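>
Residue numbers (this note's numbering), protein chains in the order written: chain A, 121 to 529; chain B, -7 to 165; chain C, 63 to 214.
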């Protein structure tokens, strides 16, 4: 009994720590420094959405033992699934680039060594973990260290804000100095950051890696339903830090170092150190997940042997795909592109690609051939359909808004 | 295979969407559109001045926290280093804009002076970080002056932009 | 959803005659499914099927997606196809028979949400690229044969 409780607690803690990635960190800070908390509701919408679909993809993996992209290929046929693969892979690699850049920026904060020098080191470290470390060890260590981001929530309390004032900011409204188009552009960015598509691939494939069965469903549901909302609260805490310190000072976030300034003001050197550990762990964990997701999607579409539970020699093309994805990430970051800009674009393109991954999950979760008696209930389907509608609207609006607002100019 | 009857219209639809998308992108992002007129260019100047102000404020906050011993030296160095990059980026951005009218050109030159003037204090803040235990007052004063200069320039740019836009409105009935 | 039958179609609206063996809807039950070997190791995705007119010559074998078999004659599946056939299913055309990777139907032991084979993938032509990558790239990197589930 005790060990079971421990497992559940560990699962929830890693879900909290693993919720945030470079996209969440940057987008929340940017949004907090420009819009206060008036966009915090989007995080709530995104968290409910990721709970619904993470649970659904986990359930599909646990019941059928098949991962997402195998099923997408089987249901949509090679042509449509192929287009889906190309789009998903492009967004996932873009996210991987953002995450590796994020690790480098976070390490720069701790060392003052230029982030361009950290990029190859970070990518090599990611690869070594993918190559050697056991799946659940990898998940738990990065998840638990990522919990250090609780430092942002602590900072909000230490800053001692006027809570009534802060609460009043939660009302959705367009601030006077921003236009409605920019407001909605950042709403979509925040939504894309909370619901990145790679998470669905990762959850379903991770369920197969962990050999989930129907018996594990209750645990996984608990992890998701408790862990993600708490992770979402951390996102809002980052936005709140930016809203309390950076917004009044007229600072617009365009680098990761600015995230540490409110924390320094609130908790001093020690809290900054804690938060930097959290930043490194969160981006590192997300880099692992995105790298794995590139391997998962490609291998599952083409029917290759895949999985971290196999020896690399037993899944050679899967490992080669991940190595190539990391090489691409290094190459792109070495062009001196700004990792923060890459992150900002990656969350918007995530929003564009979201319906592609979520629709097939919803379809398969209703397929009795795969799911048997575990097909979706009515409530789940209503929720899933509502979210699909939201996703499609966000995806269609993303690019026009990006052009109209010059990417949030 | 898919019903062949629907193939041809589907292709036309895809083509139409692509052409519209491309056209929209060129119209919205291309240099020929919004930014070519002076009002648009002054809008860009204003955006760059905001960036410079943000960089100055970042440096100021980092120096204050460092002086109070709340921010580790390496992290403060990175924050101010990033601020220097943003400030020089703003100078570069304002300096490379093309402006036609004389009045707007003068306003741009003033904005350029203000932005250039902000780079020095931000860079000085980074130098100060490397020299532990010297008082931060001088550095902070210089940063505040730079911020004031940027605010003034920003106000002038906004006024000129409003006038240019009004003039353009009158010219095209 | 396009779900046409590749097998004998009910052109005449009469019930299909009873035939020996199992009747599978090719698209619904076979195409694009994951193929696993006897040790549950993924082999490939089923990219296409090789069909043969029942009782016909081996020379009549064609890929199912080729479109030349129109459903007027009963056919049986002679092999599962993979490899370059995928490209032609996406972009059209037909690869020469020498480029097919055939998994003879005799190797198939079970058809469920996945297709199970009764042989090991190590000996199949279809997995040569996997073996090449293992022997020339991944296997040469130190630790390539380390078992992550083992000592950690």
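For every residue, glycine included, the Cβ atom is placed at its ideal position computed from N, Cα and C. Quick caveat: nothing in here was measured; it's all calculated off a predicted structure.
1) Can you give me the start and stop residues for the beta strand (DSSP E) that residue 172(C) sits inside?
2) Please report the distance separating the alpha-carbon of residue 97(B) from that of residue 146(B).
3) Shorter than 8 Å from the beta carbon of residue 94(C) to some beta carbon of chain A?
4) When burial is assigned at 16 or more other CB atoms within 10 Å of the CB, is residue 125(C) buried or exposed?
5) Just to make sure I have the definition right: I need the residues of chain C whose C-beta is within less than 9 Å of the C-beta of residue 485(A). Which are they?
6) When you compare the CB of residue 205(A) with every CB in chain C, is at least one pair closer than 8 Å?
7) Return the bridge partner residues of residue 494(A) from the DSSP annotation.
8) Do the region 292 to 312 of chain A and the region 141 to 161 of chain A meet, that is, are 3 or more Cβ pairs less than 8 Å apart?
9) What whole-angstrom Cβ distance do residue 446(A) and residue 221(A) have, given they're in contact under 8 Å?
10) Considering Cα atoms alone, identify which of 461(A), 512(A) and 410(A) is closest to residue 320(A).
11) Does any residue of chain C have a CB that is nearer than 8 Å to the CB of residue 178(A)?
12) May I have a chain-ordered list of the beta strand (DSSP E) segments no shorter than 3 residues that lie completely inside the region 157 to 215 of chain A?
13) Pull up the distance between the alpha-carbon of residue 52(B) and that of residue 146(A), whole angstroms please.
14) For residue 105(C) and residue 188(C), which I take to be in contact (beta-carbon distance under 8 Å), what is that distance rounded to the nearest angstrom?
15) Between 400(A), 349(A) and 439(A), which lies nearest to residue 419(A) when the distance is taken from Cα to Cα?
16) Residue 221(A) versus chain B: which residues are under 9 Å apart at the beta carbon?
17) Hey, is the region 242 to 253 of chain A in contact with the region 391 to 407 of chain A, meaning 3+ C-beta pairs nearer than 8 Å?
18) Would you mind stating whether residue 153(B) and residue 31(B) have Cβ atoms separated by less than 8 Å?
19) Can you find at least 3 beta carbon pairs, one from the region 152 to 159 of chain C and one from the region 168 to 175 of chain A, that sit closer than 8 Å?
20) Could you name the residues of the same chain whose beta carbon sits closer than 8 Å to that of residue 450(A), not counting the 5 residues immediately before and after it, in chain order?
21) Relative to the alpha-carbon of residue 471(A), which residue among 509(A), 488(A), 497(A) and 281(A) has its alpha-carbon at the smallest distance?
22) Are there 16 or more other CB atoms within 10 angstroms of the CB of residue 40(B), so buried, or fewer, so exposed?
23) Would DSSP call residue 97(C) helix, strand or coil?
24) Closer than 7 Å, Cβ to Cβ, to anything on chain A: give me those residues from the region 70 to 100 of chain B, in chain order.
25) In whole angstroms, what is the alpha-carbon distance linking residue 197(A) and residue 187(A)?
26) Can you give me the C-alpha to C-alpha distance between residue 486(A) and residue 496(A), rounded to a whole angstrom?
27) State the start and end residues of the unbroken beta strand (DSSP E) segment that holds residue 140(C).
28) Helix, strand or coil: how does DSSP classify residue 110(C) here?
29) How about residue 105(C): is its C-beta nearer than 8 Å to some C-beta of chain A?
30) Can you say whether residue 69(B) is buried or exposed, counting buried as having 16 or more other CB atoms within 10 angstroms of its CB?
31) Whose C-beta lies closer than 7 Å to the C-beta of residue 294(A) among residues of the same chain, with five residues either side of it excluded?
32) Which stretch, first to last residue, makes up the beta strand (DSSP E) that contains residue 177(C)?
33) With 8 Å as the threshold, decide whether the Cβ of residue 200(C) is near any Cβ in chain A.
34) Where does residue 456(A) land, buried or exposed, given buried means 16+ other C-beta within 10 angstroms?
35) Taking contact to mean at least 3 C-beta pairs separated by less than 8 Å, is the region 75 to 88 of chain B in contact with the region 44 to 51 of chain B?
36) For residue 339(A) and residue 494(A), what's the separation of their Cα atoms in angstroms?
The structure says:
1) Counting along the chain, residue 172(C) sits inside the beta strand (DSSP E) bounded by residues 170 to 173.
2) Distance between the alpha carbons of residue 97(B) and residue 146(B) is about 14 Å.
3) So yes, residue 94(C) belongs to the interface.
4) Buried is the call here.
5) Chain-order list of chain C residues neighbouring residue 485(A): empty, with the shortest C-beta distance near 14 Å, by a criterion of under 9 Å.
6) No, its Cβ sits nowhere closer than 8 Å to a Cβ of chain C.
7) The partner list for residue 494(A) (beta bridge, DSSP) is empty, contrary to what the question assumes.
8) Using a C-beta cut-off of 8 Å, the region 292 to 312 of chain A makes contact with the region 141 to 161 of chain A, since at least three inter-stretch Cβ pairs fall below that distance.
9) 12 Å between Cβ atoms; not a contact.
10) Here the closest residue by C-alpha is 410(A).
11) Chain C has no Cβ within less than 8 Å of the Cβ of residue 178(A).
12) The qualifying runs do not exist here; there are none.
13) Cα-Cα distance, rounded: 21 Å.
14) Indeed they touch by this definition, with Cβ atoms about 6 Å apart.
15) For the residues 400(A), 349(A) and 439(A), the minimum Cα distance to residue 419(A) belongs to 439(A).
16) Going along chain B, no residue has its Cβ under 9 Å from residue 221(A), so there is no contact; the nearest lies around 14 Å.
17) Short answer: they touch.
18) Yes. Within cutoff.
19) With the cut-off at 8 Å, the region 152 to 159 of chain C and the region 168 to 175 of chain A do not touch.
20) 220, 239, 240 and 243, listed in sequence order.
21) Answer by Cα proximity: 509(A).
22) Buried, since its Cβ has 16 or more Cβ neighbours within 10 Å.
23) Residue 97(C) falls in the strand class under three-state DSSP.
24) Answer set for the region 70 to 100 of chain B: 70, 71, 74 and 78.
25) For residue 197(A) and residue 187(A), the distance between alpha carbons rounds to 16 Å.
26) Rounded to the nearest angstrom, the gap between the Cα atoms of residue 486(A) and residue 496(A) is 6 Å.
27) For residue 140(C), the enclosing beta strand (DSSP E) starts and ends at 137 to 144.
28) Here residue 110(C) carries a strand assignment [DSSP, helix/strand/coil].
29) Taking Cβ atoms only, chain A reaches closer than 8 Å to residue 105(C), which makes this a yes.
30) Residue 69(B) should be labelled buried.
31) Around residue 294(A): 300 and 303.
32) Where residue 177(C) is concerned, the enclosing beta strand (DSSP E) starts and stops at 177 to 179.
33) Closer than 8 Å: yes.
34) Counting of Cβ neighbours within 10 angstroms places residue 456(A) among the exposed residues, the total staying below 16.
35) These segments touch.
36) If you take the alpha carbons of residue 339(A) and residue 494(A), they lie about 16 Å apart.
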